[in-house]
Amino acid sequence: MPGPVIVSVYDDEHKHPANGIKYDLWQINDGNGRVQLKQGTFDEKSAPNVLLETDQAYPPGFFEIVLYTKDYFEKINKDLVLNDSRLTLSFGTNGNDHGLFLSINITPTGCSMTL
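Heads up: the sequence shown begins at 0 in numbering that gives the first Met the number 0, then just goes up one per residue.
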């Protein structure tokens, strides 16, 4: 049985977890359509952040996570003006029995991701 997809979002600008950042999770169907699976907020209460359990309801496949970085960074620094309101990151799962850990590091101008 496939395992969980666990996500960690780290704020490289301020050197701490990006608690309070909002997200949407989408499943990509055959490259043609998107289905929103959930939306929420990453916070320390929900750590580790289990984004989803891949199983029959959410089979392995392709997903997108949308992070609302503009809202997050502007809450911390009111003087910061950002053009892009969100980051969209794509990833896939393959039915791995022990799950996946997705680590995302964000800054006001970009991000890096490790799966």
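Just so you know, even glycine gets a beta-carbon here, dropped at the ideal spot from N, CA and C.
Since the model is a prediction, treat every value here as computed from it, not as a measurement.
- Is it right to say Ile75 is buried, meaning 16 or more other beta carbons lie within 10 angstroms of its own, or is it exposed? Per the 10 Å Cβ criterion, exposed.
- Compute the Euclidean distance between the alpha carbons of Asn18 and Ile5, then round it to the nearest angstrom. Spanning the two alpha carbons is a distance of roughly 15 Å.
- Beta-carbon contacts of Gln38 that lie in its chain and below 8 Å, excluding the five residues immediately before and after: Within its own chain, the residues whose Cβ lies closer than 8 Å to the Cβ of Gln38, once the five positions on either side in sequence are excluded, are Lys21, Tyr22, Asp23, Leu24, listed in chain order.
- Hey, quick one: how far does the alpha helix (DSSP H) through Asp70 stretch, first residue to last? In this chain, the alpha helix (DSSP H) harbouring Asp70 covers 68-75.
- Item | Inter-residue spacing [alpha-carbon to alpha-carbon] between Gln26 and Leu86 | If I take the Cα positions, the gap works out to 16 Å.
- Task: Could you pull the start and end residues of the beta strand (DSSP E) that Lys21 belongs to?
- Result: For Lys21, the enclosing beta strand (DSSP E) has its first and last residue at 21-28.
- Mapping DSSP to helix, strand and coil, what is Glu63? If DSSP states are grouped into helix, strand and coil, Glu63 belongs with the strands.
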